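Undergrad:
In full-length UniProt numbering, the protein residues as written are 1 to 151.
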């Protein structure tokens with residue numbers, strides 16, 4: 001049951017994080033998880049060292065405060081609300097990804113059809129120009145194989 005304070009406290013980004021968040025949603029277990037979360041976030045904060053008159057601080061995790069807030073919420077027994085919101089948001093995210101991929105596939109199909117129609121139209125126009133030139137010049141024009149639409 002490891003809590004990674006270098007990862008965001010809110011949201012579902014891995015299965016182990018999801019399991020920890022669900023455990024934090026259970027009322028009594030949530031108090032233990034919340035306390036562990038706060039302890040690990042506190043441990044990531046550097047201690048202030050003074051060298052001369054300048055306090056030296058090494059950087060802490062940018063997500064430490066988020067873990068403290070989530071730990072307090074879990075200790076208060078409200079972790080279930082956060083997990084429900086996270087599951088809903090993850091579902092919306094997956095739905096948007098599916099819709100995006102469907103639209104991308106549709107656009108690729110439309111582009112392929114448009115390209116095929118453009119190529120066929122170009123071949124027909126090329127053939128029509130050759131026929132028109134043959135009628136005007138009244139000499140045989142060597143036809144290129146433009147009407148061979150089998151490709």
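Every residue, glycine too, gets a C-beta built ideally from N, C-alpha and C.
All values reported here derive from a predicted model rather than from experimental measurement.
Roughly how many angstroms lie between the CA atoms of residue 55 and residue 44, to the nearest whole one?
TA: Below a pLDDT of 50, predicted positions are generally treated as unreliable, and residue 55, at 46, falls in that range; the measurement from the model is reported next regardless. Taking the straight line joining both Cα atoms gives about 17 Å.
Undergrad: Cβ atoms of residue 5 and residue 40: under 8 Å apart, would you say?
TA: Between residue 40 and residue 5, the C-beta gap is smaller than 8 Å, which places the two residues in contact.
Undergrad: To the nearest angstrom, how far is the alpha carbon of residue 15 from that of residue 122?
TA: 54 Å
Undergrad: Enumerated in chain order, which unbroken segments of the alpha helix (DSSP H) with a length of 4 residues or greater are wholly contained in the region 11-39?
TA: 15-25
Undergrad: Are residue 66 and residue 118 close, meaning C-beta to C-beta below 8 Å?
TA: no
Undergrad: Go ahead and pull the three-state DSSP assignment for residue 3.
TA: coil
Undergrad: Quick one: residues in its chain with C-beta nearer than 6 Å to the C-beta of residue 42, no 5 flanking neighbours on either side, listed in chain order?
TA: Counting only Cβ-Cβ distances below 6 Å, and skipping sequence neighbours, we find nothing.
Undergrad: Which residue comes first and which comes last in the alpha helix (DSSP H) that contains residue 9?
TA: Segment: none, residue 9 is in no alpha helix (DSSP H) and carries neither H nor E.
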